[in-house]
Structures are given as C-alpha cells and as structure tokens.
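To start, the structure itself, in structure tokens.
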Amino acid sequence: MSSIDDLLRHPGLWRAREQGGATSQPAGRPTGYAALDRCLPGGGWPAQGLIEILTDRHGVGELSLLMPALAALSHEDHGDHGEGWLACVAPPYQPYAPALVACGIDVRRLLLVQGQPAEWAMEQALRSGACSAVLGWAEFRNRQGLRRLQLATEQSRCMAVLFRRLADGNEPSPAVLRIALESSRKGLVVHIVKSRGGQAATVQLGWLDPAAHAVAH
Amino acid sequence: MPGVQPSRVTVREQPGLRPAPGGGRGAGKQVRAAATSNELWLAIHLPHYVLESLRRSTAAAQPVAGHDSGTAIVAVDLEGGGKVVCAGDAAAVAAGVTRGMALNSALALLPGLNVLARDAQAERALLEAVATRAIGFTPRVVLEPPDAVLLEVRGSLRLFGGVRRFIAQVRERLQSMGVAPLLALTPTPLASLWFARMGEEVALRSRDGLASRLARLPLACARWPEKRLESLAAMGVRTIGDCLKLPRDGFARRFAPQMLRALDRATGCAPDPRVAFVPRQRYSVRRDLEPEIFDTERLGRAAGPLVDELCSFLDLRCCGVDVLDFSLLHGDVPPTRVCLRFAEPTAQAGRIAELLRERLARTELPGPVRALRLRSGPFMVANQQAGDLFARARGRTTSVPQLVERLRARLGTDAVYGIQAVPEHRPESAWEKGDILLFQEKENVPFFPGRCGCSLNHSRSKERNIRATRAGSSSRKARNVSNPDGGTDVTCGATTMWHARPAACGCGCFASDVRRAAGFCTACSVERTWATPNCTASAISASCAALRTRKNSSTGPPCSVTRRSRSLTSVLSPV
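Structure representation (structure tokens):
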C-alpha cells in the first residue's frame, strides 16, 4: 500500500479525477459564477497559465464573464501601487469605461494598448510583472508564439486571457484552459473545451450580470 | 651668489610645528605660521592622458582585438607643426619611439605607425570626466590641467574603509573609464601632485615625514621653467631637498618668488587654497566612430559607454532625465535624430540602453554613421525608489511606467493610453481617452450609482434643459422636463462592455451586450435596440448602415424606435 501512496504522491503523476483536490490542484480565482466555478478545477479561473476564450462574436458576453474576477483583482490590496493593473492588448473596440466602473473595476489602472504585434505587447505586459491581468486579442499563426506566451504566463502570477476565433479551437494549444462561448436564446453558453486537471463540460450561464455576481472582496 | 649651506641647515622634519626664528636662512624654513589644516590630498596623475583622451573621443585608438592590435599609435601636436611625437602607446615605446622624437624617425622605426593628432578639447574633456567621477568620492575636487586632478579626501577615508581600500576603489573606478592613473596621497596638494608626477605612489597621512620624503624627489616634478632648472642644475641643485637647503631670500631673489611659494606650499608651510571643480549642468557629448557603423545593432553597442557615462554623471547629482536626444551624424546627409522620452526621470543605464535598442531597431539609417552625439534634456529630480527586498521572489521586475515606455518605444506614443469615465448622460460621451500615467494623479470620477448609462435623445433633452434653465426653473424641474414622454431613450445596462464607433457607418455610438444592444445614430438621430443573437458589433454596424440608407432613400419603413418610460433622474442630476 505504501508504495502506491508513494507513487500517487509523485509530482509527475496527474490524477484526472481529482478536481480541486487540496493536494494536487492549486486554488483558482473565483469566476463569480457558481455554476462555472463548479466545473473548473481549483474552483475558478486557473491562478497561473494561459486562458483561451474562443468566440466569433465580440460582445457576446466575453467581458461580462471575466468582470467579477477582474474586479476582484483590481481591488486586491497589493500594498504597492504598481500592481493591480489590468492590461487590454489590441481590443477590437473601446472597452466602455462607465460599464467597467459599474462592474467595480478601477479604470485608472486599465492600460489599453493598440498596435501590432499584439503578442509582443502581451508578452511584455506579462513579463513585466506589473499587471495583475492581461487580456489580449491576437492571432497566432504559429505555435511558437503561443508557446512563448504560455511560458511567460507560467513565470508570472498574472491572469492571462487570450481571445481567439472559434475556428482556432481545432488547433492544439498549450493553454491551461480553453473555453468556447456561444449565445443562445437563454443566454450565454460556456463550453469548456480543454481544462488541465478538469474535464470538458458545457455550462449554461444565462444572462450575465457581472455587477450582481461581483466576487466578495 | 648665495652659497649652498649644507652643513648648517637640515631638512625639517616637522615644518609646520617648529617656530621660525628671525627670518630663516634656508628655503625650506618657514616664514609665516604654517596652515594647521587637517587635510589629505589625493593626486590623480594621468601620465598617458594624450592617448587616453584620443581613445575616448575616437574608436580608432581603441585596442580592438583583431583590428588594430598590432599597430602602434603615436600622437603629434598639430600646433607644433605635427612633426614631433608627443605621446606614444606601449607598442610604440617598446619599439624605441620616445617623446620629442621627430615623426620621420618614428616612422623609420615603425613603418606601420598610426599617427593621430592631439585634441586639446578631448584632453580637457577627459580631465573633467575624471573629476566628475571623483566627485563620487569627495565634494572637493580640483582640476590641475593638463594631466592631474586633486581630491581632498580626509573626510571620505572612513566611509570607504581606510586609505588602502579608498585608493583601490578610486583606481578601479578610473580604470573602468579606460585611464591608467598614478595616485599619491599626502597632506598637501602640491606634494601629492609632485609624488604622483614622479610615479611614486605614496600614502602619507601626516606631515611628519613629508619634507624628508619630498627631499628625494628630482626637481623635474615641480615643472618649473627649463631655464631655471638648468641654472639650478649648474649649481648642483638636483632634488627638492637640495632646494630646501638654499637660503630663502637669495633663492627668491635669484629665481622666481613663485618657486619659493611652491616649496612652502608643498611642505605645508604656506596655505594652498584651491578653486573647487563644479561639474557641468547639462550633458552633451559627441563620439566619433571609426570605422563607420552601418547597422543599428552595433550602433546600440557603441552608444553603451555614452549611456554609462551619462548615468554615472546623473547619479552624482541625484538627478534623472526624461528626454534624451541622440543624433546619428552621417557624412553628407543630415543627421538622424533619435529622441527618447521616458515616462519618469531616470538615471538607469540599463533602462536607457534597452529603450535605445528598441528605437534603433526601428530606425532606418540613410547612410553610415560617423559620429554619435548625445544631449540630455534638463535634469530633473529622479524618483529614488527604494528597492524591494522581495521583488525577485514576487517575480516583479519592472514598474508600470517602465512597461508603458517600453511599449510606446515600439508601438508609438498614442498606442498606449487609458480611459476614464466622465459624468455625462450621453453614453458616447461618458468616457474619455487620456494619458494613462496622468490618470494616476486624478481622483476616480464618481460615476452614476447603480445601473447607469441610460440615454435619451440627447439633443432634444439638452434643448429642454437649456430652456428650463433659462426659464429659471430648478434642477428638479429640469429633471421633470427631461422626462421623455415624446422622446426616446435606450437602456444600455451596466453589462454593455464595448463602445465602438464604426467609421463606415458614421454612427455616434453603440454599445452591445449579450442580451440586447443599444445604439444612438447621430446620422439618423434615432436610437435602436437589437435583441440577441444579433447584438454583435458587426451586426449592429451593418444594421445601422442599412437604416441610414433607408432613411436617405426614404422608401423603406421608418426606423424602429424603442420607447421606454424609465425615470432618468439619476442620469441628469449633476454629480
């Protein structure tokens, strides 16, 4: 028996069934949506590593989905003015400041970056360690760029979200979590395509109201 | 002729302490009460200053491996006709080239000799650079042109860990600049200088042995006029000690009084006030590149030493710069300017070099670069940030201003910005762009509490508001007036995350979200809502364009307008 225990304690061994286990899985950041939290390993967005959100429509609710977690990050007391920053790299439209404020985000610490190459800007923001979260809209044609980004996220403690097209979901990716978003008559549907340490699932979230789902902070 | 009196006058051991009875007979005897100051002077003598200054100003004299390593270098003085060697490097000296040798003779010895012209400006610049570095050790620095700098170091010895360590640090700092100094430490500036000139690296902390040590120095160390030295030599006076034995009045009469004063000052019998060196207030430096540089990568490396010097210069003054102007000088085309702007005043060489590399990588060179010129903007008080002990553990390496300037260096200044909410009822005007770093100082604008962002047909409501104000009604009445019984209002709830302004459509604004989208089209002066799943940005844009086309052609059905009767008080009340 003891040999099995030793084997199970081996760090190279990954136990798929053990979701959110106290030993193997680090705790995630709460998403603010209980239904989604239940389906994610660690009970929330992964604390480290790249998160990919696949959607073909801007405005489908992709920002609303992230808002509670971002608001919590924005207000985390870092004891240092440099942290708690959010960076948006190459957003397709202007994020709407009044809405962000209403969601509880400190827009004074929202860094907007336009221009190409977006992946370079994302990597810089991640490696600087000055940001708490980096959201990026970038197209990756080769896997190396994506791999670089994943490495940068592993070295930082910042939440990294990459928005890509649904078609890109067919390509392999080093991301820790990949979710596809779809809008239906009943609201937003989240398909968990890939989740390291978790399982593929589909969550019906309904109409999002990030202000009401704000994570207690 | 005043005779030499070797038997009666002895070299004084403590010139400052013994009283001077009756005018004294020897030149070494003091007349006035000696200055009882407690100073210690370090002399930095640069024996190879001519070549070192040329090395600093041109890349040619740099001992580049595989390039000029075998070629000996000599410098000639153009003012003297350029025919006489005034300095030579080790290779030239080893071949037998000496100072004062005719250039033709030197060329006969070494046919492949690299001959450079002396540059008085570069020599002065070298001396100032050495003095500027030295200010890091003591505030009292004195220039001794052409080849020496004096430092008063009594107060600094303890800080730097004693005489030996202090001298070692000074030497190391100077050697990192590419100069090979001779250092001597004595209680008087002139004695230090004389020792250093003679290559005697002494460290005398008290005056006790000063005069006896000085006595052994040859007279050449004082650099008196050649004629005087010749006549002294003819008298058999060859060392400082010999001079000190001569009677004072006769010595002063026969030779110059300045020479007697110099002896007094060297031995500490007379005060030796000096004018302190004041470093420059602005920084501007030019460096010739030889050979010319064609690619920007090598250019970045060539600029490295310039940046290092600038930063040590700034460090001394606890200053930083936020604007740096690099000029790349070409032969015939106008210079290329690379202007670096920093988010905050900085004096970090690494940060400047990184930004410069980034900018140079994007710069097109119209031709080979022959020289680099660096000019600083005005000096500013740099934010001296205390380092974070746990910075590495937390993985934090750069601050946000640094990140911003790095992104701006590559993407452009306008590419990095921030947004801010503005208390305004029109959704398209309820936010503004701005400089992200300036927002930090502002207070966060309190926005409408609760669900916000409601809009109404703002042109109409504005008119009503104005009318109401003119009529002298209260703000409450104005709110009532603005109740849009006949107008339209669209709710863009707090979930509307995007604000887009599609150029093709000409719409004022729209916002979209998963449930519904709302827009206000300034072209058609109507607002519309869109239900899911058509509420994507592109769908709204297309729909608005179609609406406009219909309206212009006035054949299709009128715009569908959503009417809501929601109270708008929260929107219109002034915050």
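Going down the list, the protein sequences come from chains A and B. First residue of the first sequence? That's 3 in our numbering, and the numbers climb one at a time after it. First residue of the second sequence? That's 6 in our numbering, and the numbers climb one at a time after it. Glycine included, every Cβ here is placed at the ideal spot set by N, Cα and C. Note that the structure is a prediction, hence the values are computed from the model and not measured.
- Nearest CB-CB separation between residue 48 (chain A) and chain B: not below the 9 Å threshold.
- For residue 262 (chain B), the enclosing alpha helix (DSSP H) stretches over residues 262–272.
- A buried status is given to residue 134 (chain A), since no fewer than 16 other beta-carbon atoms sit within 10 Å of its beta-carbon.
- Residues of the segment 30–60 of chain A with a C-beta atom less than 8 Å from some C-beta of chain B are 59, 60, listed in chain order.
- Shown here, residue 385 (chain B) sits in a strand according to DSSP, grouped into three states.
- Pairing residue 409 (chain B) with residue 354 (chain B) gives a Cβ-Cβ distance that is not under 9 Å.
- With 16 or more other CB atoms across the displayed protein chains lying within 10 angstroms of its CB, residue 186 (chain B) is buried.
- Going by DSSP, residue 439 (chain B) is part of the beta strand (DSSP E) stretching over 436–439.
- Each residue's CA atom was taken as its position, placing residue 442 (chain B) and residue 352 (chain B) some 19 Å apart.
- Excluding its 5 nearest sequence neighbours in each direction, residue 380 (chain B) has C-beta neighbours in its own chain below 6 Å: 289, 330, listed in chain order.
- The Cβ of residue 417 (chain B) sits closer than 9 Å to at least one Cβ of chain A.
- Closest in alpha carbon position to residue 201 (chain B), among B:212, B:213, B:218, B:211, is B:218.
- Closest option to residue 296 (chain B), judged by alpha-carbon separation, among B:209, B:440, B:373, B:108: B:373.
- For residue 203 (chain A), the enclosing beta strand (DSSP E) stretches over residues 203–208.
- By the rule that beta-carbons nearer than 9 Å mark a contact, residue 357 (chain B) does not touch chain A.
- Within the same chain, Cβ atoms closer than 7 Å to the Cβ of residue 171 (chain A) are found at 56, 180, 182, 195, the five residues on either side in sequence being excluded.
- Secondary structure of residue 173 (chain A) (DSSP, three-state): coil.
- Take residue 64 (chain A), set aside five residues on each side of it, and the residues of its chain with a beta-carbon closer than 7 Å to its own are 55, 57, 165, 183, in chain order.
- Excluding sequence positions up to five before and after residue 195 (chain B), its CB lies within less than 8 Å of the CB of 267, 270, 271, 277, all in the same chain and listed in chain order.
- Setting aside the 5 residues that flank it on each side, residue 115 (chain A) is surrounded in the same chain by 91, 123, each with a C-beta closer than 6 Å to its C-beta; the list follows chain order.
- Under the 10 Å beta carbon count, residue 78 (chain B) is surrounded by 16 or more other beta carbons and is classified as buried.
- Identification of chain B residues near residue 70 (chain A) by a Cβ-Cβ cut-off of 9 Å yields none; the smallest Cβ-Cβ distance measures about 12 Å.
- Residues of chain A whose Cβ lies closer than 7 Å to the Cβ of residue 412 (chain B) are, in chain order, 115, 123, 126.
- By the 16-neighbour rule on beta-carbons within 10 angstroms, residue 248 (chain B) is buried.
- The Cβ atoms of residue 176 (chain A) and residue 148 (chain A) sit closer than 9 Å to each other.
- By the neighbour-count criterion, in which 16 or more other beta carbons inside 10 Å mark a residue as buried, residue 226 (chain B) falls on the buried side.
- Under a 10 Å Cβ-count criterion, residue 185 (chain A) is classified as buried, with 16 or more other Cβ atoms of the shown protein chains found around its own Cβ.
- Contact annotation: the segment 255–264 of chain B does not touch the segment 170–181 of chain B, with fewer than three C-beta pairs closer than 8 Å.
- Residue-level contact check: residue 407 (chain B) touches chain A, since one or more beta carbons of chain A fall below 9 Å from its beta carbon.
- Our two residues, residue 71 (chain A) and residue 29 (chain A), have alpha carbons roughly 14 Å apart in a direct line.
- Flagged as an interface residue toward chain A: residue 436 (chain B), by a C-beta distance shorter than 9 Å.
- At a beta-carbon threshold of 7 Å, the residues of chain B lying near residue 87 (chain A) are 405, ordered along the chain.
- The closest CA to that of residue 46 (chain B), considering only B:138, B:57, B:157, B:150, is found on B:157.
- In summary, residue 142 (chain B) is buried, with 16 or more beta-carbon neighbours lying within 10 Å of its beta-carbon over all protein chains present.
- The C-beta of residue 152 (chain A) comes no closer than 9 Å to any C-beta of chain B.
- Rounded to the nearest angstrom, the gap between the Cα atoms of residue 188 (chain B) and residue 198 (chain B) is 9 Å.
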